[in-house]
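Q: So the sequence shown is numbered by my numbering: it starts at 1 and just counts up by one.
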Amino acid sequence: MRTFVVGCNHRSAPVEKREKIAFGEAAVPTALESFKRQFPEAEVVLLSTCNRVEFYVSRPMHGRPRIDETIAFIGEFHGIEMQEFADALYVHEDIQAVRHLLRVASSLDSMVLGESQIVGQTRDAYEAARTAGTVGRQLGPLFQQALAVAKTIHATTGIATGRLSVGSTAVDLARQIFSHFADKTVMMVGAGGMGEMTLTHLIETKPQRVWVTNRTDARAVEVAERLSRQYPLAVEPIAFADWVGRLAEADIVVTCTGSREPILTAGAFAGIPARRAYRPILLIDIALPRDVDAAVGRHDCVYLYNIDDLQAVTETHLAQRKEAVAKCHEIIEAAVVELADRQSREDIGPLIAALEKHFREIGRQELERILPKLENASPHDRELIEQMLHRVTGKLLHGPVSRLTGDSTAGAGRVYAEMLRALFDLKAEE
């Protein structure tokens, strides 16, 4: 089997590009089902968050999809040309793909180093693929190991100690604009997991009022009631149809919906600044695709930040975690070696068996041809001849087998395997 990942993240592509190929929660099952119909032999997990869109694919050695076919699938699903993503997409194959997944699941590849949200997002992506029937013997154990490694890293390295999160970064931005919060109103638009997590950080600044809205009213009510029980203030759910009008009163607004189009356009916002008497308003858009039209940020009283803007705030804190990061790398590399060895055994074991079967079949045929001609040979002589042939076959196999098993983690084993398949015409069914 060959395994690869193709995708883009907050480092390789700006939010303007990422949002074009993002898969909302509702779109993921549809995409997985479509992928399975088109490439029935392959396994696939789709990880789509506000910071990344990645396809993890495992396929037979000479099967489909190829990398270019996977990229084409993304474009076809969204109805866009993928040429503009030529410089934005990255590809990792085999061991590098394994290493990348472990880094992603452990938050080492996150915009916010040490954040825990990505662990849940990785688990959700894996569970969605399991439900869709697109993971099996290859990606199943790989993702299970990645989640186990992430758990170990967060429990033992201190990578999450004093970590920044999207929520704490939002608070940092708010403190740069407002000197106090006792008279401020916070509004959360979109009551998903990321939104709720961000809102909890803002609630800890003790604002005067907190509003929550969601396209599904019941979800807004559920979150508001839960937060009201957790914190000493009444969180108020508001109707989604009313939230734009409430911008005249809100001071800090965080948006995180799954909309494919902006939910706040420049036109809809045009009259809001005057109604606010041009008081400052902080808009933090952590959605992908973006919820807020970039033109809204052109007003002097508006401080608009999207998910990419938050990265600049977090980068200054990376040096503080160098020691923890080094420990994380050690754990990841040990896991990579373990996974590579396991994958090598699974890939090369059947080939070694086929190679041995091929050699011993030749020996058997030659033995059957020569034994009838040895009329004077005793049973003991015949047994010695059979033993000699068995030993010769074993010695002939020793070199190729040693190369296959000894160099597999470096990638050379795969090259040797392909050569042996071609040279001896070894079939998969063998």
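Using N, Cα and C, we set each Cβ at its ideal position, and we do this for glycine too. On a predicted model such as this, the values are computed, not experimentally measured, just so you know.
Does DSSP classify Q166 as helix, strand or coil?
A: This sequence places Val at residue 166; Gln is not what is there. In the structure shown, V166 sits in a helix (DSSP, three-state: H, G or I).
Q: With a threshold of 6 Å on Cβ separation, who are the neighbours of I21 within its own chain once the five nearest residues in sequence on each side are excluded?
A: V53, I74 and H78
Q: Go ahead and pull the three-state DSSP assignment for L426.
A: coil
Q: Thinking just about the alpha-carbon of each residue, which of T265, V292, L288 and G297 is nearest to the one in P280?
A: G297
Q: Taking 8 Å as the threshold, find out whether the segment 226-235 comes into contact with the segment 244-260 through three or more Cβ pairs.
A: no
Q: With 16 other CB atoms within 10 Å as the buried threshold, where does S107 fall?
A: S107 is classed as buried because its beta carbon has at least 16 other beta carbons within 10 Å across all chains shown.
Q: Tell me whether the beta-carbon of D293 lies closer than 8 Å to the beta-carbon of T265.
A: yes
Q: Would you check if the distance between the CB atom of C256 and the CB atom of G349 is smaller than 8 Å?
A: no
Q: Is M194 helix, strand or coil when you go by DSSP?
A: helix
Q: Flag this pair as yes or no: are the beta carbons of V149 and I272 separated by less than 8 Å?
A: Remark: C-beta atoms of V149 and I272 do not approach each other more closely than 8 Å.
Q: Kindly indicate the opening and closing residues of the beta strand (DSSP E) around D124.
A: No beta strand (DSSP E) holds D124; the alpha helix (DSSP H) holding it covers Q117 to A132.
Q: Could you name the residues that DSSP lists as bridge partners for V171?
A: The partner list for V171 (beta bridge, DSSP) is empty, contrary to what the question assumes.
Q: Tell me whether T255 sits in a helix, a strand or coil according to DSSP, three-state version.
A: Strand.
Q: Please report the residue range of the alpha helix (DSSP H) in which H78 lies.
A: I67 to H78
Q: Only counting the same chain, and skipping five residues up and downstream in sequence, which positions put a Cβ closer than 7 Å to that of A335?
A: L102, Q145 and V149
Q: Rank A354, H358, A340 and N51 by C-alpha distance to the C-alpha of T122 and give the top, closest one.
A: Among A354, H358, A340 and N51, the Cα nearest to that of T122 is on N51.
Q: I'd like to know whether the C-beta atoms of M111 and H10 end up nearer to each other than 8 Å.
A: Going by C-beta atoms, M111 is nearer than 8 Å to H10.
Q: Report buried or exposed for L423, applying the criterion of at least 16 other Cβ atoms within 10 angstroms of its Cβ.
A: exposed
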